[in-house]
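Engineer: Quick note, the working numbering runs 85 ahead of the 1-based positions in the sequence shown.
By construction, the Cβ of each residue, glycine as well, lies at the ideal position given by its N, Cα and C atoms.
Just passing along the structure, written as C-alpha cells.
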Amino acid sequence: MAAAVDLVAERGAAVPVTDLAEAADVSRQLLYQHFGDRDTLLVAAAADLVRRELLPHLADPRAPRHARLLAVARHFADHRPFYRAVLTGPCAWRLAEALAELFRTLITTEALRAGLGEVDERAARDLAVLISHGTGAIVHDWVVRAEDPLRPEELADRLLTVTSLLTPAPPHP
C-alpha cells in the first residue's frame with residue numbers, strides 16, 4: 086500500500102498498473118487478483134493510510150475536539166500530493182465514500198446525545214452520515230483547492246466551527 090501511496094503522490098492517479106505492481110514488487114496478476122483494478126487499489130491504499138496514520142490519533146473520544154480535528158487536517162496536509170491525485174481522479178467518489186465510512190465509525194450515538202440530548206438511533210445514524218460526509222467535503226475542497234502551503238490550523242478551526250454547530254460539546258463537570 087505504501088508503494089502505491091508514494092508512486093501516486095509522485096506521478097498522479099493515472100499511474101499504470103504495471104508501475105504500481107513493480108513499485109510493490111508484486112506481479113500485475115497478483116495486483117489484479119487482489120484488487121481487480123487500479124481504482125480499487127488506490128481506494129484501499131487511502132483507507133489503509135487513514136487507518137494506520139490517522140485513526141490512532143482519533144481513538145480517544147475524550148480528547149479535545151480541536152486536537153482531533155487538527156490531527157485530521159495535518160494528516161491530509163502531510164499527504165496532500167497523494168490525496169489530491171486520488172480526489173481528482175476517477176476513484177474520487179469511491180474514495181469519498183470510503184473515507185466517510187471510516188470517519189462515521191468515530192461518531193457514536195452516545196457522543197451525539199452528550200451534545201444534543203436525547204437522539205433516537207435513526208437520527209443519530211443520519212447525523213453521523215451528515216457530519217462524516219460534510220466534513221469529508223470540506224476536507225476534499227481544502228486538499229484540492231487551497232493554496233500552498235496548506236494551513237492545518239485554519240482547517241481545524243473551520244471544522245470545529247461547523248461541527249460545533251451540529252453537535253455542541255458536552256458540558257464539562
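According to the neighbour-count rule (16 or more other Cβ atoms, all chains shown, within 10 Å of its Cβ), is Gly-221 buried or exposed?
Structural biologist: So Gly-221 counts as buried.
Engineer: In three-state DSSP terms, what is Pro-175?
Structural biologist: Reduced to three states, the DSSP call for Pro-175 is coil.
Engineer: Would DSSP call Gly-200 helix, strand or coil?
Structural biologist: Residue state, collapsed to three classes: helix.
Engineer: Can you list, in chain order, the residues of its chain with a C-beta nearer than 7 Å to that of Val-135? Leave out the 5 residues immediately preceding and following it.
Structural biologist: Contacts found: Leu-184, Leu-187.
Engineer: With DSSP as the reference, label Gly-221 as helix, strand or coil.
Structural biologist: Helix.
Engineer: I think Ala-177 touches Val-171, with their Cβ atoms under 8 Å apart; what is that distance to the nearest whole Å?
Structural biologist: Going by Cβ atoms, the distance from Ala-177 to Val-171 rounds to 7 Å, so yes, they are a contact pair.
Engineer: Using 8 Å as the threshold, is the C-beta distance between Leu-235 and Leu-154 below it?
Structural biologist: Contact flag unset, no.
Engineer: With DSSP collapsed to three states, give me the class of Ala-208.
Structural biologist: The answer is helix: DSSP assigns Ala-208 an H, G or I state.
Engineer: Is it buried or exposed, Leu-197, if we count other Cβ atoms within 10 angstroms and call 16 or more buried?
Structural biologist: Answer is buried; the Cβ neighbour count reaches 16.
Engineer: For Leu-215 and Ser-112, I'd like the C-alpha separation in whole angstroms.
Structural biologist: Rounded to the nearest angstrom, the two C-alpha atoms are 40 Å apart.
Engineer: Using only the alpha-carbon positions, how far apart do Pro-101 and Gly-219 sit?
Structural biologist: Whole-angstrom Cα-Cα distance: 32 Å.
Engineer: Assign Leu-250 to one of two classes, buried (16 or more other C-beta atoms within 10 Å of its C-beta) or exposed (fewer than that).
Structural biologist: By the 10 Å Cβ count, Leu-250 comes out exposed.
Engineer: Nearest-angstrom Cα distance between Asp-205 and Ala-89?
Structural biologist: Cα to Cα, Asp-205 sits roughly 41 Å from Ala-89.
Engineer: To which residues of the same chain is Glu-138 closer than 7 Å at the C-beta, ignoring the five residues directly before and after it?
Structural biologist: These residues qualify, in order along the chain: His-160.
Engineer: Please return the same chain residues whose Cβ sits closer than 6 Å to the Cβ of Ala-109, not counting the five positions on each side in sequence.
Structural biologist: So the list reads Ala-88, once near-sequence residues are dropped.
Engineer: What is the DSSP secondary structure of Glu-186, reduced to helix, strand or coil?
Structural biologist: Looking at Glu-186 - three-state DSSP - the assignment turns out to be helix.
Engineer: Can you tell which of Asp-104, Pro-146, His-142, Pro-253 has the C-alpha that lies nearest to the C-alpha of Leu-212?
Structural biologist: Closest option to Leu-212, Cα to Cα, is Pro-253.
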